[in-house]
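Colleague: According to my numbering, the sequence shown holds residues 418 to 717 in order. Once you've had a glance at the structure underneath, I'll fire off some questions.
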Amino acid sequence: MVATDMTAPLRSPRRGLVLMITGVALFSILNGVVKAQMEIFPVNQVVFFRNFFSLFPLVLLLWLQPGGMRFRTSNIWLHVLLAVMFTVTLLAIFRSYTLLSLADATAINFTQPLMVILLSLVLGVDKVRRYEVIAVGMGLCGVLLMVRPGGDAGEGAMLGAAFGLCGAALSAGSMIAQRKLSMNDSAQLIAFYTLGFSALMVAPTLPMSWVTPTGPQLAGLIVMGLASGLCQYVTVRAFYHASASTLSPITYTKMFWAIVIGYFWFAEVPSFEVLLGASIVVGSTVIVLRSSARPPAGPA
């Protein structure tokens with residue numbers, strides 16, 4: 418079994434927290450960059466540049482890991498399946514950025530842990546507790562509150578929410594596949610194959626909708642991809658220093674960054690319904706995270 422950063426001894430929880438806060442902030446800024454790029458380029462082109470140039474920092478990660486670069490895997494077809502789900506996830510989520518505010522899209526993305534529960538229930542992968550099912554219902558109600566079907570949000574918001582929920586559901590499926598792969602492969606190797614196969618899948622579609630970038634625009638697309646890979650490195654290092662239970666609450670700072678970036682970059686002012694719905698979604702995922710940290714109750 419290949420050693421991973423996730424299973425290495427904990428070094429410095431404080432450093433892990435700093436790295437995670439930094440990683441979440443950088444990923445949030447990167448989401449703003451993606452939203453801006455989507456105003457110029459088609460979604461498949463943005464996904465390709467994002468994934469292809471993310472590979473370069475990951476190759477460095479693989480080279481630096483103990484034992485050097487190792488590309489051998491025991492389940493290449495599961496990697497391919499994961500890449501398919503990941504690719505469609507990005508296509509859906511990036512499309513939602515064009516139809517929703519950054520805060521809306523980010524909040525809907527928080528339904529991903531809830532989708533994991535739904536998939537686990539359907540597939541029988543894990544035992545689902547009653548309050549986790551309640552949390553799923555809460556989260557979906559929060560999403561409906563944000564997009565306000567039948568209200569003044571419009572069909573675009575409903576379509577954006579549909580793309581966002583589709584992306585969250587596929588991301589949940591990706592997480593289940595990653596759990597199985599992580600039993601034998603390192604986090605860096607999983608990310609390498611996922612991004613590599615994803616770039617290969619999207620590449621043949623580029624001529625269909627290619628928009629030739631200017632020099633500065635091309636530089637921006639490349640930097641976006643490299644920055645994504647560096648963000649991946651920062652978050653992986655965070656898990657090397659601190660446990661998942663310590664770091665998971667930090668992910669909720671994404672909402673703060675989404676609101677700030679949306680306001681100053683895109684002049685998006687979140688409504689009361691968006692803030693309330695986002696709070697419900699975040700609260701429901703907190704229930705899920707806390708329940709997953711508790712041991713199952715023993716027999717009475």
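By construction, the Cβ of each residue, glycine as well, lies at the ideal position given by its N, Cα and C atoms. Just so it is clear, the structure is predicted and the values come from calculations on it, not from any experiment.
Could you check whether residue 548 and residue 697 sit closer than 8 Å to each other, using their CB atoms as the reference points?
Modeller: For the purposes of this step, residue 697 is identified with residue 280 of the sequence shown, where counting begins at 1. For the purposes of this step, residue 548 is identified with residue 131 of the sequence shown, where counting begins at 1. No, the pair does not count as a contact, with Cβ atoms beyond the cut-off.
Colleague: Considering Cα atoms alone, identify which of 686, 490, 450, 512 is closest to residue 573.
Modeller: As a working mapping, residue 573 is identified with position 156 in the sequence shown. Measuring from the Cα of residue 573, the nearest candidate turns out to be 512.
Colleague: For the alpha helix (DSSP H) containing residue 619, name the first residue and the last one.
Modeller: Within the sequence shown, the letter at position 202 stands for residue 619. Taken as a continuous stretch (DSSP letters only), the alpha helix (DSSP H) holding residue 619 covers 604-619.
Colleague: With DSSP run on the structure shown, which of helix, strand or coil describes residue 684?
Modeller: In the sequence shown, the residue the question calls residue 684 occupies position 267. Note: residue 684 maps to coil in three-state DSSP.
Colleague: If you reduce the DSSP assignment to three classes, tell me which class residue 468 lands in.
Modeller: Translated into positions along the sequence shown, residue 468 becomes position 51. Residue 468 falls in the helix class under three-state DSSP.
Colleague: Please go through the same chain and pick out, in chain order, the residues whose beta-carbon is closer than 7 Å to the beta-carbon of residue 446, but skip the five residues on each side of it.
Modeller: Here residue 446 is taken as the residue at index 29 of the sequence shown, counted from 1. Within the same chain, residue 446 has close Cβ partners 678.
Colleague: With residue 446 as the anchor, note down where its alpha helix (DSSP H) starts and where it stops.
Modeller: Translated into the one-based positions of the sequence shown, residue 446 becomes position 29. Residue 446 -> alpha helix (DSSP H) spans 430-454.
Colleague: If you reduce the DSSP assignment to three classes, tell me which class residue 659 lands in.
Modeller: The count along the sequence shown starts at 1 and reaches residue 659 at position 242. The answer is coil: DSSP assigns residue 659 none of H, G, I, E or B.
Colleague: Quick one: grab the DSSP three-state call for residue 518.
Modeller: Walking along the sequence shown from the start, residue 518 turns up at place 101. Note: residue 518 maps to coil in three-state DSSP.
Colleague: Measure the alpha-carbon distance for residue 601 versus residue 682 and round it to whole angstroms.
Modeller: Here residue 601 is taken as the residue at index 184 of the sequence shown, counted from 1. Here residue 682 is taken as the residue at index 265 of the sequence shown, counted from 1. Cα-Cα distance, rounded: 42 Å.
Colleague: At the level of alpha carbons, what is the spacing between residue 514 and residue 659?
Modeller: Locating residue 514 in the sequence shown gives position 97, where the first residue counts as 1. Locating residue 659 in the sequence shown gives position 242, where the first residue counts as 1. Answer to the nearest angstrom: the Cα atoms are 31 Å apart.
Colleague: Which residue wins for smallest C-alpha separation from residue 666, given the options 432, 438, 429?
Modeller: Here residue 666 refers to the residue found at position 249 of the sequence shown. Residue 438 is the option with its Cα nearest to residue 666.
Colleague: Let me check understanding here. Comparing Cα to Cα, which of 457, 471, 474, 441 lies closest to residue 633?
Modeller: Here the question's residue 633 lines up with position 216 in the sequence shown. Ranking 457, 471, 474, 441 by Cα distance to residue 633 puts 457 first.
Colleague: What separation, rounded to the nearest whole angstrom, lies between the Cα atoms of residue 567 and residue 689?
Modeller: Translated into the one-based positions of the sequence shown, residue 567 becomes position 150. Translated into the one-based positions of the sequence shown, residue 689 becomes position 272. In this prediction, residue 567 has a pLDDT of 48, which is less than 50 and means its spatial position is unreliable; what the coordinates show is noted afterwards. Approximately 17 Å between the Cα atoms of the pair.
Colleague: Give me the Cα-Cα distance between residue 669 and residue 622, rounded to the nearest whole angstrom.
Modeller: Locating residue 669 in the sequence shown gives position 252, counting from the first residue. Locating residue 622 in the sequence shown gives position 205, counting from the first residue. Whole-angstrom Cα-Cα distance: 35 Å.
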